[in-house]
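Heads up, the thing below is written out as structure tokens.
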Amino acid sequence: MKGYVFHGSGQAAWEEVPDPGLKETTDVIVRVDAVTICGTDLHILKGDVPEVRPGTVLGHEAVGEVVEVGSDVRTVRPGDRVLVSCVSACGRCRYCREGMYGQCRGGGGWILGHLIDGAQAEYVRVPYADLSVHPLPSAVSSGDAVLLADIFPTAYEVGVLNGKVRPGDTVVVVGAGPIGLAAVAMARFFTPERIVAVDMDASRLEAARSLGADAVADAREDPEQLVADLTEGLGADVVIEAVGVPETFEQCTRMVRPGGHVANVGVHGKPATLHLEDLWIKNVTITTGLVDTHSTPTLLRMASAGRLPASQLITHTFPLDHMEEAYDVFGNAAETGALKIVLGGQPHDVVAVRTT
Amino acid sequence: MRGLVYHGPAQTSWDTVPDPAIEEDTDAIVRVDATTVCGSDLHIRRGDLPEVAPGTILGHEAVGEVVEIGRGVHNRRPGHQVIVSSVSACGRCPMCRASMYGQCHGGGGWILGNMINGTQAEFVRVPFADSSTHRRPPSLPLGDAVLLAELLPTAYEVGVRNGHVGPGDTVVVVGAGPVGLAAVVIARLYSPRRIIAVDLSSFRLEAAARLGADAAELPGRLIADLSEGPGADVVIEAAGDPESFVLSTRVVRAGGHIANIGMPGSPATLHLEALWRKNLTISTGQVDTFSTPWLLDLVTFGRISVSPLITHTFDLDRMEDAYEVFSRGPETGALKVMLYREAKPPPRQPYL
Chain C
0 MKGYVFHGSG QAAWEEVPDP GLKETTDVIV RVDAVTICGT DLHILKGDVP
50 EVRPGTVLGH EAVGEVVEVG SDVRTVRPGD RVLVSCVSAC GRCRYCREGM
100 YGQCRGGGGW ILGHLIDGAQ AEYVRVPYAD LSVHPLPSAV SSGDAVLLAD
150 IFPTAYEVGV LNGKVRPGDT VVVVGAGPIG LAAVAMARFF TPERIVAVDM
200 DASRLEAARS LGADAVADAR EDPEQLVADL TEGLGADVVI EAVGVPETFE
250 QCTRMVRPGG HVANVGVHGK PATLHLEDLW IKNVTITTGL VDTHSTPTLL
300 RMASAGRLPA SQLITHTFPL DHMEEAYDVF GNAAETGALK IVLGGQPHDV
350 VAVRTT
Chain F
0 MRGLVYHGPA QTSWDTVPDP AIEEDTDAIV RVDATTVCGS DLHIRRGDLP
50 EVAPGTILGH EAVGEVVEIG RGVHNRRPGH QVIVSSVSAC GRCPMCRASM
100 YGQCHGGGGW ILGNMINGTQ AEFVRVPFAD SSTHRRPPSL PLGDAVLLAE
150 LLPTAYEVGV RNGHVGPGDT VVVVGAGPVG LAAVVIARLY SPRRIIAVDL
200 SSFRLEAAAR LGADAAELPG RLIADLSEGP GADVVIEAAG DPESFVLSTR
250 VVRAGGHIAN IGMPGSPATL HLEALWRKNL TISTGQVDTF STPWLLDLVT
300 FGRISVSPLI THTFDLDRME DAYEVFSRGP ETGALKVMLY REAKPPPRQP
350 YL
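In the order they appear, the protein sequences are chains C and F.
Those letters in the first sequence? Residues 0 to 355, by numbering that gives the first Met the number 0.
Those letters in the second sequence? Residues 0 to 351, by numbering that gives the first Met the number 0.
Okay, structure coming up:
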């Protein structure tokens, strides 16, 4: 089969690789019908994630059809259309029993396209299939569903839920990339008073508005002042960091009100400064996290009900074998306006987010 | 009267000052029968809190008798024995209504010995007396009662509660000074699997072991093993320096809690490159003292024993000696120093 193989820092190719086979009795093999590219994949390509070995097929978000199941798999059968979660879960370790699948100590966690071959291929082996794939309701298209493998649960669990968004809150989302935009859309589930999106890219701020942000701010035009003005100087109840650089994290800790929450979703490569000399007295709660995907069933129900605007985040679609071109478009988001790119899946209307 | 006056960095003295008087209807004047010195008083004396104006009487923890009340005070009257909370609360602003008295926007918060004259004196004016004092049961010794003004609520609210200590947890307390030790005592109420206290002072480690820590040691093998292995469910940071905060982020398990109680004067490094995926919850906080009535019951009914936290007693007018002893706590073994108006505190009376 064909797959997108990592060959070391800066090198990867769509090339012929052996078909995956069952290795454990809890595995399934899924034929990939739709797959996407994550910011984390770009980090891997840059060499930022050294544990990824050359030769690994990348990708951790997919939708497809089960074609083969191990003898111990009980919940899916060949022919089932499933969502492949970015997090695999043994289901038995202490973390899994607490629903913290992302921290699985039994061989799961984020392993697809990281420690084992991933989903940017024609077929993928999924370990611990009973807990790591979700049968898809027919109302959800494969293209939309693929966004539920990682970005929607990440924005929801690590952003909205960790941030404890409540009715009446002022919520600030710093970074209006795919995750930040998904956080804007899902923060609305909790009826906040207002959502403020902050980014440097006008088209992303426009997308944030269309997904439900009540105010947007250019990151270069003093968003802290805007938040202070909107909250009578108090600060935001919840600030969601969805960029992943020290400057934005530190900005989030300045925008939060006393007693508020900073939910860090961004993937960081460098330490940040925690200004405890100011924050010790502020009763703030700061959370970090890798997604657990415990919310995926809930989000699938919301998607079936038409309450998850997944398709609005999909700006580009490609056939599966245009993987390298898709990486180029996604990797140059500043020029291409790319948010999420879906490969394979049903043909999708392209939604233009660039207004210029 | 006499009071301990801050005259600028490194300058304090026990001076004759005017007696306090009622300024607002909601004020009470309390005669100070017992007071103590807090780590934050040392910070002020060093000049770390520039908002404290020279001329301010320090101190924010006291027990005493109400001697005068304003017209708007309804639940206290002269003769009441009260605990003066370190946090004053207007009781009416949105923060107070959410029980976040420490963040009061109506003129309260931590103001005693900070924005206004404090408790290290013979008398103190207490604003918003109805919501800023607590009645002291006659059976509760003065010294124990002083610990309820700030130390115990801080250890509970900002440490044990924010850290979500629960049954079966491994709890690491970094810094075994008075607040850290109080956190050890209160954490035990939640049946953790073990409590590990870490400090650099052997006196304080001994105190931690006496007060119920299952292990008490220098940062070393135990911490390294936890950091490399399972990690602690809860880390309570009660040392207040950037290095101990970084140690806390290393020793906590994925999905665990770090409750910062310390009051560092400089920023800490947050290693987000390693921590972003660790599902941590880090909390900071100044005490709100919403838990004082509950803690008062726990102490009064003997569920927690806090008297061992008091290591030294002085007459009130020996305030400067008390500062000296307290500031050298890690070397001298001093934990809480207690100052009494009467040379001998009244003996503990049986609870009736």
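We treat Cβ as the ideally placed atom computed from N, Cα and C, and that holds for glycine.
Keep in mind that this is a model prediction, so the values were computed, not measured.
Based on DSSP bridge pairs, tell me the residues matched to residue i.
i                      : result
residue 134 of chain C : C:81
residue 339 of chain C : C:313
residue 269 of chain C : DSSP, once it has assigned bridges, lists no residue as partnering residue 269 of chain C.
residue 269 of chain F : C:271
residue 87 of chain F  : F:108
residue 314 of chain F : F:339
residue 108 of chain C : C:87
residue 12 of chain C  : C:4
residue 122 of chain F : F:30
residue 299 of chain F : None, per the DSSP bridge assignment.
Just the C-alpha distance for residue i and residue j, rounded to the nearest angstrom, thanks.
i                      : j                      : result
residue 261 of chain C : residue 312 of chain F : 43 angstroms
residue 201 of chain F : residue 215 of chain F : 9 angstroms
residue 128 of chain F : residue 37 of chain C  : 57 angstroms
residue 163 of chain C : residue 320 of chain F : 48 angstroms
residue 102 of chain C : residue 130 of chain C : 14 angstroms
residue 64 of chain C  : residue 29 of chain C  : 5 angstroms
residue 295 of chain C : residue 96 of chain C  : 16 angstroms
residue 227 of chain F : residue 241 of chain F : 21 angstroms
residue 342 of chain C : residue 271 of chain C : 35 angstroms
residue 46 of chain F  : residue 176 of chain C : 45 angstroms
residue 330 of chain F : residue 176 of chain F : 11 angstroms
residue 208 of chain C : residue 261 of chain F : 41 angstroms
residue 277 of chain F : residue 107 of chain C : 15 angstroms
residue 296 of chain F : residue 305 of chain F : 13 angstroms
residue 229 of chain F : residue 136 of chain C : 39 angstroms
residue 61 of chain C  : residue 213 of chain C : 32 angstroms
residue 122 of chain C : residue 289 of chain C : 25 angstroms
residue 197 of chain F : residue 204 of chain F : 7 angstroms
residue 153 of chain C : residue 104 of chain F : 35 angstroms
residue 51 of chain C  : residue 184 of chain F : 46 angstroms
residue 298 of chain F : residue 168 of chain C : 38 angstroms
residue 241 of chain C : residue 2 of chain F   : 52 angstroms
residue 89 of chain F  : residue 316 of chain F : 31 angstroms
residue 341 of chain F : residue 119 of chain F : 14 angstroms
residue 225 of chain C : residue 173 of chain C : 13 angstroms
residue 5 of chain F   : residue 121 of chain F : 16 angstroms
residue 252 of chain C : residue 178 of chain C : 19 angstroms
residue 153 of chain F : residue 259 of chain F : 11 angstroms
residue 349 of chain F : residue 138 of chain F : No answer about residue 349 of chain F holds up, because its pLDDT of 48 lies below 50 and its placement is not dependable.
residue 195 of chain F : residue 36 of chain F  : 26 angstroms
residue 109 of chain C : residue 52 of chain F  : 54 angstroms
residue 113 of chain F : residue 50 of chain F  : 8 angstroms
residue 170 of chain C : residue 237 of chain C : 5 angstroms
Nearest to residue i by CA position, among the options, is which residue?
i                      : options                       : result
residue 199 of chain C : C:155, C:7 and C:333          : C:333
residue 25 of chain F  : F:166, F:104, F:13 and F:126  : F:126
residue 12 of chain C  : C:53, C:114 and C:29          : C:53
residue 114 of chain C : C:137, C:186 and C:86         : C:86
residue 225 of chain F : F:193, F:204, F:310 and F:182 : F:193
residue 5 of chain C   : C:120, C:178 and C:259        : C:120
residue 244 of chain F : C:279, C:17 and C:324         : C:279
residue 308 of chain C : C:216, C:123 and C:150        : C:150
residue 157 of chain F : C:281, C:252 and C:310        : C:281
residue 293 of chain F : F:108, F:66, F:81 and F:151   : F:151
residue 23 of chain C  : C:8, C:62, C:70 and C:41      : C:70
residue 84 of chain F  : F:78, F:69 and F:107          : F:107
residue 287 of chain F : F:94, F:16, F:137 and F:1     : F:94
residue 77 of chain C  : C:42, C:132 and C:56          : C:132
Q. Given a limit of 8 angstroms on CB to CB distance, which residues of the segment 235-269 of chain C reach chain F?
A. Within the segment 235-269 of chain C, the qualifying residues are 243, 245, 248, 257, 258, 263, 265, 266, 267, 268 and 269.
Q) What are the complete alpha helix (DSSP H) segments, minimum 4 residues, inside the segment 127-204 of chain F? A) List check, alpha helix (DSSP H) in window: 128-131, 141-146 and 177-186.
Q: Let me know the alpha helix (DSSP H) ranges lying completely inside the segment 208-254 of chain F, each 4 residues or longer, listed in chain order.
A: As far as the segment 208-254 of chain F is concerned, its whole alpha helix (DSSP H) runs of at least 4 residues are 220-227 and 241-250.
Q: Output, in sequence order along the chain, the residues in the segment 108-119 of chain C whose CB is closer than 7 angstroms to any CB in chain F.
A: Answer in chain order: no residues at all.
Q.
Along the segment 80-102 of chain C, where does the CB come closer than 8 angstroms to a CB of chain F? Name the residues.
A. Those would be 94, 97, 99, 101 and 102, in chain order.
Q. Closer than 8 angstroms, Cβ to any Cβ of chain C: which residues of the segment 264-283 of chain F, in chain order?
A. Correct list: 264, 265, 266, 267, 268, 269, 270, 271, 272, 274, 275, 276, 277, 278, 279, 280, 281, 282 and 283.
Q.
Can you pull out the residues from the segment 270-290 of chain C whose beta carbon lies closer than 8 angstroms to at least one beta carbon of chain F?
A. Contacts with chain F (Cβ-Cβ distance below 8 angstroms) from the segment 270-290 of chain C involve 270, 271, 272, 273, 274, 275, 276, 278, 279, 280, 281, 282, 283, 284, 285, 286, 287, 288 and 289, listed in chain order.
Q. Hey, which unbroken runs of the beta strand (DSSP E) at 3 residues or more fall wholly within the segment 119-193 of chain C?
A. Listed in chain order, the complete beta strand (DSSP E) runs (minimum 3 residues) inside the segment 119-193 of chain C are 122-125, 132-134 and 169-173.
Q) Hey, which unbroken runs of the beta strand (DSSP E) at 3 residues or more fall wholly within the segment 34-103 of chain F? A) At a cut-off of 3 residues, the continuous stretches assigned as beta strand (DSSP E) that sit fully inside the segment 34-103 of chain F are 61-68 and 80-83.
Q. Taking any Cβ of chain C, which residues in the segment 102-126 of chain F have a Cβ under 7 angstroms from it, in chain order?
A. Near chain C, meaning a CB-to-CB distance below 7 angstroms, the residues of the segment 102-126 of chain F are 102.
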